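Asks:
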Amino acid sequence: MRKRILAFVLFASAAFCATISYAEQLNPDRPKKIIQFGLDNASPEWLEKNIDVVEKFLPYDGIGITFDEGIDKNGKKMFIRYKLFGAEKMERSWFDSYVKSLKNVKFKKLRHNFIRANYANFDGTFDLFNDKFWEDGVYNNFRILASIAKECGMEGITFDMEDYGGRKLWKYNPKCGHSYADAYTKARERGQGFIKALSDKFPEIKIFAWFWIDMVFGPADGTPFLFERLEASDTGLLVGFINGIYDGLPPEAIIIDGMEAHGYAAKNIDSFYRLRALREIRFRRMLAPENQRKLREQTFLAVGTYLDSYVNEKPPYRLENDSGMNRTGFFRRNLSLSFDFSDEYVWTWSQCRTWFPIENPSPNMIKNFQMNPSVPGPLWHDAIPGIEEAIIYARNPYEFSMTRLKIGKTSKNMVRNHDFEQKDFSSGETITPAADNVPLAKARYWEAWQPKRSKGIFSVVSGEGTNGSAAVKMEGVVDGAILQSIKADPNGVHIVRASARTVHAAGASLSVAWKNANGAWCNNSLRAFSSFHEDLGNGWKRATIFIPAVPQGTQYIVPMLFMTSSGDRKDMALFDDVEVFQIKFDADEPKK
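Heads up, the sequence shown is in my numbering, so the first residue is 7 and it goes up one at a time.
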């Protein structure tokens, strides 16, 4: 019986895979969503009246929504967000006006929204061992918030774990009258109660934690006595609380891990690799064995970007730009990397400028708007020209770039003699071929290469190209190529294309290799490849390679057109129309 069940499962799996194309199997990434958080996150009442303005200006997929000013049981105004993680027991009726307005907001574009919350505790009521604090306060309050998020169609809630009150809530204090081991166990119990309060009302909730285990993963450096060292950490008991959340995390729920400080500091691809590596190694060390699967399957990395760090005039909150790129290009490149390294969500935080016009801003907003007076404002598209275009690009660089190519928003073709019509190789610029290469006879600027075992023929033939122009013909080449080194902008975005036609049993492919400033091959592990698969008619096909970023240390892009065969002279490949374009961005073009 067991064998029959196993056979059925294997058959069903195979049948399922058969319904999915190979392309779908090899492209598991789903579209990623970018969420806007900042001081200009508005209340439901304001959004109800101004959602059209917000959606006009925001190139995002979702926003944070604030439940800041509320009315307590005595009819007094209260700052709800900073009272949630406290002893005061809130009532559902206090939120009625928010719920009414939120249901009336006509979201058209911003459909992935989060109600903002945090665990700040300013009044000193936090007590790990006080059941009333947790049952009547924290659990009750977050249960209400989760029910509202569910009722109003929100994606979930944020859970900002920054200790704004400076109370060191999760530092073990011997004055509590309990051992550290007991305190850790209690913290884990509180985490279980917290996630139960949220998921009872919203089982599929998404908890967007701007900080997560990175709040405390410094001690997880691989040296012994991790548990003992957490006893001295300012946030050591937080590890117990987070393990408790994972203990009770239902299978439908998701933790979105923002890694705020590391994302804000990321300025090049190396820092993004470091961020991801630290997370992969140290998070595992903090979680109990029974929670490892939930860490892998229900915790999504969402790299954060601090917009202000691109315009701040003074350290320490100014992101050092050592790339040679302008402000917009630097932001665009880094945000694109944020999308690459994130799992499903990307997010930004901003303070000193706003995305949309705001009448009667709060005193806190006014104070922040006055920061960096030399930076244009008041809107972000004043401070970082082309920021909207940069976000659109970062969301889908390939689609953006191919659209730019289609409408002619590119450089001229950077390939010299792209159609092989310039035949005089002996005059003009001197070309020094790479080692083992030879100048391609009668095709100026081009080189040819084949291994010693290959005895193929390279030639330039007239009238056999895509439109009756010249073409390069390779006959009986076992595994050889023609190539050209093209000096490129190290900060540019490029598209490489070529056309090919094969005869008999020949194979053809396009590759892009790299050379450094000295003309030596470099970054060999980052070579790009493509088959010729786009049908152009008359036997011709085109290959396209998209290069979102030139690898570090690279000065030359080298398109290489390869032929493979058994060496039979009947095997032939023809190549034509080799193109390298650099994408142009509106923000980089001179003002008229």
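Backbone N, C-alpha and C fix where the C-beta goes; we use that ideal spot for every residue, glycine too.
Every value quoted in this text rests on a predicted model; they were computed, and no experiment measured them.
Can you give the beta carbon distance from GLY70 to LYS39, rounded, assuming they're within the 8 Å contact cut?
Replies: Position 64 of the sequence shown, counted from the first residue, corresponds to residue 70. Position 33 of the sequence shown, counted from the first residue, corresponds to residue 39. With a Cβ gap of about 13 Å, GLY70 and LYS39 do not count as contacting.
Asks: Would you check if there are 3 or more beta carbon pairs closer than 8 Å linking the region 218-228 to the region 282-289?
Replies: With the cut-off at 8 Å, the region 218-228 and the region 282-289 touch.
Asks: Which stretch, first to last residue, makes up the beta strand (DSSP E) that contains ARG280?
Replies: For this step, residue 280 is matched to residue 274 along the sequence shown. From DSSP, ARG280 is part of no beta strand (DSSP E) but of the alpha helix (DSSP H) over 275-292.
Asks: Are the CB atoms of TYR511 and ASP577 nearer to each other than 7 Å?
Replies: Locating residue 511 in the sequence shown gives position 505, counting from the first residue. Locating residue 577 in the sequence shown gives position 571, counting from the first residue. The sequence given here has Ala at residue 511, not Tyr. Yes.
Asks: In angstroms, rounded to a whole number, what distance separates the CA positions of THR436 and ALA454?
Replies: The residue you call residue 436 lines up with position 430 of the sequence shown. The residue you call residue 454 lines up with position 448 of the sequence shown. Confidence at THR436 is low in this model, with a pLDDT of 46, below 50, so its placement is unreliable and no value can be given for it.
Asks: Can you tell me whether ILE372 is buried or exposed? The criterion is at least 16 other CB atoms within 10 Å of its CB, across all chains shown.
Replies: Looking up residue 372 in the sequence shown gives position 366. Burial call: exposed.
Asks: In the DSSP assignment, the beta strand (DSSP E) including GLU585 goes from what residue to what residue?
Replies: Locating residue 585 in the sequence shown gives position 579, where the first residue counts as 1. Run containing GLU585: 578-588, per the beta strand (DSSP E) assignment.
Asks: Evaluate contact between the region 247-265 and the region 196-207, counting only Cβ atoms and requiring at least three cross-stretch pairs below 8 Å.
Replies: Yes, the region 247-265 touches the region 196-207.
Asks: Count the other CB atoms, across all protein chains shown, that sit within 10 Å of the CB of ARG299; report buried if there are 16 or more and exposed otherwise.
Replies: Here residue 299 corresponds to residue number 293 of the sequence shown, with the count starting at 1. The residue in question, ARG299, is exposed, as its Cβ has fewer than 16 Cβ neighbours within 10 Å.
Asks: If PHE591 sits next to ASN419, beta carbons under 8 Å apart, how far is it from one beta carbon to the other, in whole angstroms?
Replies: Here residue 591 refers to the residue found at position 585 of the sequence shown. Here residue 419 refers to the residue found at position 413 of the sequence shown. That belief does not hold up - the Cβ atoms of PHE591 and ASN419 are roughly 19 Å apart, past 8 Å.
Asks: Within 10 angstroms of its Cβ, does ILE589 collect 16 or more other Cβ (buried), or is it exposed?
Replies: If you number the sequence shown from 1, residue 589 lands on position 583. Flag for ILE589 reads buried.
Asks: Within 10 angstroms of the Cβ of GLY330, are there 16 or more other Cβ atoms? Answer buried if so, exposed if not.
Replies: On the sequence shown, position 324 is the one that residue 330 refers to. When all chains shown are included, GLY330 counts as exposed.
Asks: Could you tell me whether the region 120-133 touches the region 149-166, where touching means 3 or more Cβ pairs closer than 8 Å?
Replies: Short answer: they touch.
Asks: Whole-angstrom Cβ separation of PRO225 and LEU236, contact assumed at under 8 Å?
Replies: Indexing the sequence shown from 1 puts residue 225 at position 219. Indexing the sequence shown from 1 puts residue 236 at position 230. Rounded, the Cβ-Cβ distance is 6 Å, consistent with contact.
Asks: Please name the residue in ALA189, ILE563, ALA555, LEU542 whose C-alpha comes closest to that of ASN524.
Replies: Indexing the sequence shown from 1 puts residue 524 at position 518. Out of ALA189, ILE563, ALA555, LEU542, ILE563 has the C-alpha closest to the C-alpha of ASN524.
Asks: For a test of the three-state rule: what should DSSP assign to PHE591, helix, strand or coil?
Replies: Translated into the one-based positions of the sequence shown, residue 591 becomes position 585. Coil, per DSSP.
Asks: For TRP386 and LEU341, which I take to be in contact (beta-carbon distance under 8 Å), what is that distance rounded to the nearest angstrom?
Replies: On the sequence shown, position 380 is the one that residue 386 refers to. On the sequence shown, position 335 is the one that residue 341 refers to. Not a contact, Cβ separation roughly 13 Å.
Asks: If you follow the alpha helix (DSSP H) that GLU234 is part of, which residue opens it and which one closes it?
Replies: Reading the sequence shown from its first residue, position 228 is the one you call residue 234. Looking at the DSSP string, the run of the alpha helix (DSSP H) that includes GLU234 is 232-236.
Asks: Taking the beta strand (DSSP E) that HIS500 falls in, what are its first and last residues?
Replies: Taking the sequence shown and counting its residues from 1, the one referred to as residue 500 is at position 494. Where HIS500 is concerned, the enclosing beta strand (DSSP E) stretches over 500-509.
Asks: If we ignore side chains and look at the alpha-carbon of each, how far apart do ASP594 and VAL59 end up?
Replies: In the sequence shown, counting from the first residue as 1, residue 594 sits at position 588. In the sequence shown, counting from the first residue as 1, residue 59 sits at position 53. Near 27 Å, if we compare the C-alpha coordinates of VAL59 and ASP594.
Asks: Measuring CB atoms only, is the region 549-560 touching the region 480-488, in the sense that at least three cross pairs come out at less than 8 Å?
Replies: No contact exists between the region 549-560 and the region 480-488.
Asks: Exposed or buried, which one is PRO50 when buried takes at least 16 other CB atoms within 10 Å?
Replies: Translated into positions along the sequence shown, residue 50 becomes position 44. Answer is buried; the Cβ neighbour count reaches 16.
Asks: Enumerate, from N- to C-terminal direction, the unbroken beta strand (DSSP E) stretches of 3 or more residues contained entirely within the region 202-234.
Replies: Runs found: 212-215.
Asks: Helix, strand or coil for GLN561? Go by DSSP, reduced to three states.
Replies: For the purposes of this step, residue 561 is taken as residue 555 along the sequence shown, with counting starting at 1. Coil.
Asks: Give the DSSP-derived three-state secondary structure of TYR312 in the structure shown.
Replies: Here residue 312 is taken as the residue at index 306 of the sequence shown, counted from 1. Looking at TYR312 - three-state DSSP - the assignment turns out to be strand.
Asks: Apart from the five residues just before and just after ARG575, which ones in its own chain have a Cβ nearer than 7 Å to its Cβ?
Replies: If you number the sequence shown from 1, residue 575 lands on position 569. Cβ neighbours of ARG575 beyond the five flanking positions: GLU481, GLY482.
Asks: Can you give me the C-alpha to C-alpha distance between ASP442 and GLN304, rounded to a whole angstrom?
Replies: Walking along the sequence shown from the start, residue 442 turns up at place 436. Walking along the sequence shown from the start, residue 304 turns up at place 298. Between ASP442 and GLN304, the C-alpha separation is close to 52 Å.
Asks: Report yes if the C-beta distance between ASN530 and PRO557 is below 7 Å; otherwise report no.
Replies: Stepping through the sequence shown from its first residue, residue 530 is reached at position 524. Stepping through the sequence shown from its first residue, residue 557 is reached at position 551. No; because the gap between Cβ atoms is not below 7 Å, this pair is not in contact.
Asks: Do ASP240 and LYS192 have their CB atoms nearer than 7 Å?
Replies: What you label residue 240 is simply residue 234 of the sequence shown in a count that begins at 1. What you label residue 192 is simply residue 186 of the sequence shown in a count that begins at 1. Not closer than 7 Å, so no.
Asks: What do you get for ALA4, buried or exposed, if any count of 16 or more other CB atoms within 10 angstroms of its CB means buried?
Replies: Any answer about residue 4 is impossible in this case: the structure gives the chain only from 7 up to 598.
Asks: Should ILE413 go down as buried or exposed, given a rule of 16 or more other Cβ atoms within 10 Å for buried?
Replies: Within the sequence shown, residue 413 is the residue found at index 407, counting from 1. Answer is exposed; the Cβ neighbour count stays below 16.
Asks: Can you give the Cα-Cα distance for ASN544 and LYS493, rounded to whole angstroms?
Replies: In the sequence shown, residue 544 corresponds to position 538, counting from 1. In the sequence shown, residue 493 corresponds to position 487, counting from 1. Straight-line Cα distance between these residues: approximately 33 Å.
Asks: Tell me whether VAL222 counts as near the ligand GTP, meaning its Cβ is closer than 6 Å to at least one heavy atom of that ligand.
Replies: What this structure holds is no ligand at all, so the ligand GTP is not there to describe.
Asks: Please classify SER536: does DSSP put it in a helix, a strand, or coil?
Replies: Here the question's residue 536 lines up with position 530 in the sequence shown. SER536: strand per DSSP, three-state reduction.
Asks: What is the DSSP secondary structure of GLN42, counted as helix, strand or coil?
Replies: Reading the sequence shown from its first residue, position 36 is the one you call residue 42. Residue state, collapsed to three classes: strand.
Asks: Assuming GLU157 is part of the alpha helix (DSSP H), what are its boundary residues?
Replies: For the purposes of this step, residue 157 is taken as residue 151 along the sequence shown, with counting starting at 1. Its alpha helix (DSSP H) spans residues 146-157.
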